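In our numbering, the protein residues as written are 198 to 435.
Here a beta-carbon is modelled for each residue, glycine too, at the ideal position from N, C-alpha and C.
Values in this document were obtained by computation on a predicted structure and should not be read as measured data.
Heads up, the thing below is written out as structure tokens.
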């Protein structure tokens with residue numbers, strides 16, 4: 198990805214230490230200290246311009262959120278989105294951090310069991326077969342996610358790419374993971390008001406393109422609760 202940004206990008210994000218973390222490795226196992234509480238931590242891997250993580254964190258002050266990307270310009274844009282979301286919806290930025298890192302190094306940034314939920318929204322589909330290992334739902338990545346997710350851990354995945362969705366279904370299935378709320382056209386009956394759209398998602402929806410979504414249940418307690426709901430007839434299928 199090539200991004201053109203205005204001058205002074207690095208200076209702009211370095212001036213926001215209360216929001217932006219440019220060197221996250223020292224905080225491995227210490228993110229509760231960073232937030233100053235022991236609330237659940239939800240992480241978006243590949244946050245883009247930050248609309249999703251900004252709005253989600255503004256609406257859920259009882260959860261700590263971390264938006265991850267590896268480009269300074271996207272970190273800067275996300276910081277602006279975060280501040281705009283607080284102006285519109287109230288609250289403060291204490292439950293949000295924007296982290297610059299390569300997702301391949303996730304196990305160097307988070308301790309085992311430190312995260313409760315991972316969001317993968319419109320990740321690069323890497324359509325060529327020779328690039329399959331770069332897909333964020335490849336087994337190599339999913340194994341890392343399983344390590345850092347806790348007993349209530351889940352993965353929430355959305356994409357406009359049918360080929361990536363099919364690949365992901367197989368990837369999760371091959372690892373023996375339980376999936377739920379699988380949708381091939383998330384907004385078929387109109388936009389889902391209970392879910393926040395990303396920038397890409399809004400554009401795709403307006404063009405009439407189907408959005409694919411699923412949730413992967415990872416943690417033991419999350420799986421036990423899911424099975425209990427199934428037994429009680431509360432499948433939750435969309």
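I want to see whether chain D comes within less than 9 Å of residue i, judged by CB atoms only; does it?
i, result
"residue 263", "Among the chains in the structure shown there is no chain D, since it carries only a single protein chain."
Around the C-beta of residue i, are 16 or more other C-beta atoms found within 10 angstroms, so that it is buried, or is it exposed?
i, result
"residue 266", "buried"
"residue 435", "In this predicted model, residue 435 has a pLDDT of only 48, less than 50, meaning its place in the structure is not dependable enough to derive any value."
"residue 259", "exposed"
"residue 199", "Note that residue 199 scores 45 on pLDDT, short of 50, meaning its location in the model is unreliable; the coordinates nonetheless yield the value given after this. Flag for residue 199 reads exposed."
"residue 274", "buried"
"residue 405", "exposed"
"residue 226", "exposed"
"residue 286", "exposed"
"residue 289", "exposed"
"residue 399", "exposed"
"residue 390", "exposed"
"residue 293", "buried"
"residue 429", "exposed"
"residue 327", "exposed"
Where DSSP assigns a beta bridge to residue i, which residues make up the other side?
i, result
"residue 414", "351, 375"
"residue 314", "239, 351"
"residue 360", "In the DSSP output, where bridge partners are listed per residue, residue 360 has none listed."
"residue 346", "312"
"residue 380", "410"
"residue 217", "295"
Which whole-angstrom value is the C-beta distance of residue i and residue j, which I expect to be below 8 Å?
i, j, result
"residue 317", "residue 263", "Residue 317 to residue 263, Cβ: 14 Å. No contact."
"residue 354", "residue 410", "7 Å"
"residue 295", "residue 276", "6 Å"
"residue 219", "residue 211", "7 Å"
What is the residue span of the beta strand (DSSP E) that residue i lies within?
i, result
"residue 262", "261–266"
"residue 294", "293–297"
Which residues bound the alpha helix (DSSP H) around residue i?
i, result
"residue 253", "248–256"
"residue 273", "269–286"
"residue 400", "396–403"
Report yes or no: do the segment 234–246 and the segment 310–324 share at least 3 C-beta pairs separated by less than 8 Å?
-> Output reads yes: the segment 310–324 touches the segment 234–246.
Contact the segment 338–346 vs the segment 295–310: 3+ CB pairs below 8 Å | Under the three-pair Cβ rule at 8 Å, the segment 338–346 counts as touching the segment 295–310.
Quick check: the segment 319–339 against the segment 358–365, are there 3 or more CB pairs under 8 Å?
-> Yes, the segment 319–339 touches the segment 358–365.
Is the segment 408–424 touching the segment 375–383, taking contact as three or more C-beta pairs under 8 Å?
-> Contact holds between the segment 408–424 and the segment 375–383, because three or more Cβ pairs, one in each stretch, are under 8 Å apart.
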